[in-house]
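> Chains A and B, in that order, give the protein sequences. FYI, in the numbering used here the residues of the first sequence are 32 to 226. FYI, in the numbering used here the residues of the second sequence are 32 to 226. Note that the Cβ used here is the ideal one computed from N, Cα and C, for glycine as well. Bear in mind the structure is a predicted one, so any value in this text is a computation, not a measurement. Shown below is the structure under consideration.
Number of protein chains: 2
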Amino acid sequence: MPPPETPLTPDRVLEATEDVLRRFGPAKATVVDVARALGVSHGSVYRHFRTKAALREAVTERWLDQAHDELAAIARAKGPAAERLREWLATLFAAKRRKAGGDPELFATYLSLADENSGTVARHVETMVGDLTKIVESGLASGEFTTRNPRKTAQALWSATAHFHDPVYAEEWSDPGAELAFADLFDLLLNGLRA
Amino acid sequence: MPPPETPLTPDRVLEATEDVLRRFGPAKATVVDVARALGVSHGSVYRHFRTKAALREAVTERWLDQAHDELAAIARAKGPAAERLREWLATLFAAKRRKAGGDPELFATYLSLADENSGTVARHVETMVGDLTKIVESGLASGEFTTRNPRKTAQALWSATAHFHDPVYAEEWSDPGAELAFADLFDLLLNGLRA
DNA sequence: GCGATGACAGATTTCAATATCTGTCATCGC
DNA sequence: GCGATGACAGATATTGAAATCTGTCATCGC
């Protein structure tokens, strides 16, 4: 138990938690493990996070927000809405595929965290649909798209593309035909959006 | 152990298995339970199904095929393809919603059976996409729809409507807005299909 | 004074002994 | 002869006692 090199911050606790989750998996990772990794008593961890559940929720949120800067930028950008819609969806799909394929065990770990934190996931989905709504609205403004209700259309788009972003379909993402299936679906949807 | 009223047939075994699954759930139902329900020794059950897994697979297949006569009739019928597509999807959605909402515990039981039998489920999905392909082809023939590849389009439709037939989304089916969300999505897709 | 500590109670998990189940097959009785 | 039986071996599940974990808090040392 060496004295702490740096003061204990929520961020350092989160980092240690991620390490412990990586090493032991979601079922075995304990608060005591996190404290041990930090060289402090587990009481100190509880100073920064009220419960183990809160700690795991914070880690989940961090993971879900990972790719969001890039996506938000596409949603905010100028240019043809159709192009940006395709790019936004393709970027999302690519990010998911990278996470799922790169380290399947870690992906499974975060999946089980997401299962525990449906509220956090719902908020994340809200953000995603918000991005899509922005794109649909800009397409409506430019005359590219026709729709009565951009938000509902965005929700329909989110729903319709679930196969390419919902982790329950992760197994199918490594299928060689996945890119083509995505293109087919996107064409159908884009055609539906057009005036 | 009364003597069997009727000769032991695969069908009687299946029926008894369904009963046992209903009563004990997928985790607790055993072959010995099924035999007991039939008033025979468990050895006799193994005369009709090679393994417990085969028995459970047969029950799963039966459950998946339940609503299919009605759907196949819609796919084969005459009339506007758009109408039939809407009816086919609406009928599927209604059937799923009925099963999930009517007896959630039994639904959960069959879900866990489906999880064990991915091959059987894949074959069932093939059948469903086959129905959709028929409808898309008839729409193409009548000039209602435009598409390069009816089968791929049918797959895209299956994908896109997952929120309303994939059991992973069953929780959302009881949401009061579900019908509206379905209508929004269907309109978008139908618009995409049109010439 | 203030963050860190570790003993503690109650909840949860682990582990090993025990019981039950699956699948086979030699044997039975009709 | 032929379907049904139940004893059996190995695999799987259950159970309850022991170990560990979560969350609290009185106390410590800087």
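1) List, in chain order, every chain A residue whose beta-carbon is nearer than 9 Å to that of Asn-222 (chain B).
2) Check this for me: beta carbons of His-73 (chain B) and Val-63 (chain B), under 7 Å apart or not?
3) Would you kindly work out how many angstroms separate the C-alpha atoms of Arg-182 (chain A) and Arg-128 (chain B), rounded to a whole number?
4) Excluding the five sequence neighbours on either side, which residues of its own chain have a C-beta within less than 7 Å of the C-beta of Ala-68 (chain A), listed in chain order?
5) Going along chain B in order, which residues have a C-beta closer than 7 Å to the C-beta of Val-199 (chain A)?
6) Can you give me the Cβ contacts of Phe-213 (chain B) inside the same chain, cut-off strictly under 7 Å, excluding the 5 residues immediately before and after it?
7) Hey, Ala-185 (chain B) and Val-160 (chain B) are a contact pair by Cβ (cut 8 Å); roughly how many whole angstroms apart?
8) Contact criterion: CB-CB distance below 7 Å. Does His-194 (chain A) meet it with respect to chain B?
9) Taking only beta-carbon atoms, is Ser-190 (chain B) less than 7 Å away from chain A?
10) So for Thr-48 (chain A), helix, strand or coil by DSSP?
11) Going straight from the alpha carbon of Leu-102 (chain A) to that of Lys-165 (chain A), what length do you get?
12) Using the beta-carbon of each residue, which ones in chain A are nearer than 9 Å to Ala-212 (chain B)?
13) Please report how far the alpha carbon of Glu-203 (chain A) lies from the alpha carbon of Leu-137 (chain B), in whole angstroms.
14) So Leu-211 (chain A) packs on Leu-188 (chain A), CB below 8 Å; how close in whole Å?
15) Can you confirm whether the stretch 167 to 180 of chain A touches the stretch 171 to 182 of chain B when touching is taken to mean that 3 or more C-beta pairs between the two stretches lie within less than 8 Å?
16) How would you label Val-199 (chain B), buried or exposed, when you count the other beta carbons within 10 angstroms and need 16 or more for buried?
17) Classify Lys-130 (chain A): buried if its beta carbon has 16 or more other beta carbons within 10 angstroms, exposed otherwise.
18) Mind checking which residues open and close the alpha helix (DSSP H) that includes Val-63 (chain B)?
19) Quick check for students: name the residue ranges of the alpha helix (DSSP H) that lie wholly in the stretch 102 to 189 of chain A, counting only runs of 4 or more.
20) For Arg-225 (chain A) and Lys-83 (chain B), I'd like the C-alpha separation in whole angstroms.
21) Given that Leu-52 (chain B) touches chain A, what residues does it touch there, using C-beta distances under 7 Å?
22) With 7 Å as the threshold, decide whether the Cβ of Leu-219 (chain A) is near any Cβ in chain B.
23) Counting contacts by CB-CB distance shorter than 7 Å, is Leu-171 (chain A) in contact with chain B?
24) Kindly indicate if chain A contains any beta-carbon less than 7 Å away from that of Leu-116 (chain B).
25) Which residues in chain A have a C-beta closer than 8 Å to the C-beta of Leu-216 (chain B)? List them in chain order.
26) Counting along the chain, where does the alpha helix (DSSP H) carrying Arg-225 (chain A) start and finish?
27) Quick one, are the C-beta atoms of Leu-144 (chain A) and Thr-91 (chain A) less than 7 Å apart?
28) Could you work out which residue in A:Ala-106, A:Val-152 and A:Thr-192 is closest to Glu-168 (chain A) when comparing CA atoms only?
29) Indicate the three-state DSSP secondary structure (helix, strand or coil) for Ala-98 (chain A) in the structure shown.
On the basis of the supplied data:
1) For the purposes of this step, residue 222 (chain B) is taken as residue 191 along the second sequence, with counting starting at 1. Neighbours of Asn-222 (chain B) on chain A, chain order: Thr-177, Asn-222, Gly-223, Leu-224 and Arg-225.
2) Looking up residue 73 (chain B) in the second sequence gives position 42. Looking up residue 63 (chain B) in the second sequence gives position 32. Val-63 (chain B) is positioned such that its CB atom lies closer than 7 Å to that of His-73 (chain B).
3) Here the question's residue 182 (chain A) lines up with position 151 in the first sequence. Here the question's residue 128 (chain B) lines up with position 97 in the second sequence. When rounded, the distance between both Cα atoms is 25 Å.
4) The sequence position of residue 68 (chain A) within the first sequence is 37, counting from 1. If we look at Ala-68 (chain A) and ignore the five residues flanking it on each side, its Cβ neighbours are Ala-47, Asp-50 and Val-51.
5) Sequence index remark: in the first sequence, residue 199 (chain A) carries index 168 (1-based). Ordered by position in chain B, the residues that pass the 7 Å Cβ test against Val-199 (chain A) are Val-199.
6) Position 182 of the second sequence, counting from 1, holds the residue named residue 213 (chain B). The residues Phe-124 and Phe-195, in chain order, have a CB closer than 7 Å to that of Phe-213 (chain B) in the same chain once the five nearest residues on each side in sequence are set aside.
7) The residue labelled residue 185 (chain B) in the question sits at position 154 within the second sequence. The residue labelled residue 160 (chain B) in the question sits at position 129 within the second sequence. Confirmed, about 5 Å.
8) Sequence index remark: in the first sequence, residue 194 (chain A) carries index 163 (1-based). Answer yes: the Cβ-Cβ gap between His-194 (chain A) and chain B drops below 7 Å somewhere.
9) For the purposes of this step, residue 190 (chain B) is identified with residue 159 of the second sequence, where counting begins at 1. Chain A contact via Cβ: present.
10) As a first step, residue 48 (chain A) is located in the first sequence; it is residue number 17 there, counting from the start. Three-state DSSP puts Thr-48 (chain A) in a helix.
11) Here residue 102 (chain A) refers to the residue found at position 71 of the first sequence. Here residue 165 (chain A) refers to the residue found at position 134 of the first sequence. So the two alpha carbons sit approximately 12 Å from each other.
12) Reading the second sequence from its first residue, position 181 is the one you call residue 212 (chain B). Identification of chain A residues near Ala-212 (chain B) by a Cβ-Cβ cut-off of 9 Å yields Lys-183, Gln-186, Ala-187 and Ser-190, ordered along the chain.
13) Sequence index remark: in the first sequence, residue 203 (chain A) carries index 172 (1-based). Sequence index remark: in the second sequence, residue 137 (chain B) carries index 106 (1-based). Those two C-alpha atoms are separated by around 28 Å.
14) As a first step, residue 211 (chain A) is located in the first sequence; it is residue number 180 there, counting from the start. As a first step, residue 188 (chain A) is located in the first sequence; it is residue number 157 there, counting from the start. Actually they do not touch by this definition, with Cβ atoms about 19 Å apart.
15) Touching, no.
16) Taking the first residue of the second sequence as position 1, residue 199 (chain B) is located at position 168. Around the beta carbon of Val-199 (chain B), fewer than 16 other beta carbons lie within 10 angstroms, which makes this residue exposed.
17) Here residue 130 (chain A) refers to the residue found at position 99 when the first sequence is read from its first residue. Taking every protein chain shown into account, the CB of Lys-130 (chain A) has 16 or more other CB atoms within 10 angstroms, so this residue is buried.
18) Here residue 63 (chain B) corresponds to residue number 32 of the second sequence, with the count starting at 1. 62 to 69 is the span of the alpha helix (DSSP H), which, as asked, contains Val-63 (chain B).
19) Taking only runs of at least 4 residues, the alpha helix (DSSP H) segments lying wholly in the stretch 102 to 189 of chain A are 112 to 133, 135 to 147 and 149 to 172.
20) By 1-based counting over the first sequence, the position of residue 225 (chain A) is 194. By 1-based counting over the second sequence, the position of residue 83 (chain B) is 52. Taking the CA atoms as reference points, Arg-225 (chain A) sits about 53 Å from Lys-83 (chain B).
21) Residue 52 (chain B) sits at position 21 when you count from the first residue of the second sequence. Per Cβ cutoff of 7 Å: no residues; Leu-52 (chain B) is ~24 Å from chain A at best.
22) For the purposes of this step, residue 219 (chain A) is identified with residue 188 of the first sequence, where counting begins at 1. In terms of beta-carbon proximity, Leu-219 (chain A) lines the interface with chain B, with at least one pair separated by less than 7 Å.
23) Along the first sequence, one-based indexing puts residue 171 (chain A) at 140. Chain B, which has no Cβ nearer than 7 Å to the Cβ of Leu-171 (chain A), makes this no.
24) For this step, residue 116 (chain B) is matched to residue 85 along the second sequence. No, no contact with chain A.
25) Taking the second sequence and counting its residues from 1, the one referred to as residue 216 (chain B) is at position 185. Against chain A, the beta carbon of Leu-216 (chain B) has neighbours under 8 Å at Ala-187, Ser-190 and Ala-191, listed in chain order.
26) Reading the first sequence from its first residue, position 194 is the one you call residue 225 (chain A). Here Arg-225 (chain A) belongs to no alpha helix (DSSP H), and DSSP marks it neither H nor E.
27) Along the first sequence, read from residue 1 onward, the residue named residue 144 (chain A) stands at position 113. Along the first sequence, read from residue 1 onward, the residue named residue 91 (chain A) stands at position 60. Cβ atoms of Leu-144 (chain A) and Thr-91 (chain A): closer than 7 Å.
28) Taking the first sequence and counting its residues from 1, the one referred to as residue 168 (chain A) is at position 137. Considering only alpha carbons, the answer is A:Ala-106.
29) One-based indexing of the first sequence puts residue 98 (chain A) at position 67. In the displayed model, Ala-98 (chain A) falls within coil according to three-state DSSP, outside both helix and strand.
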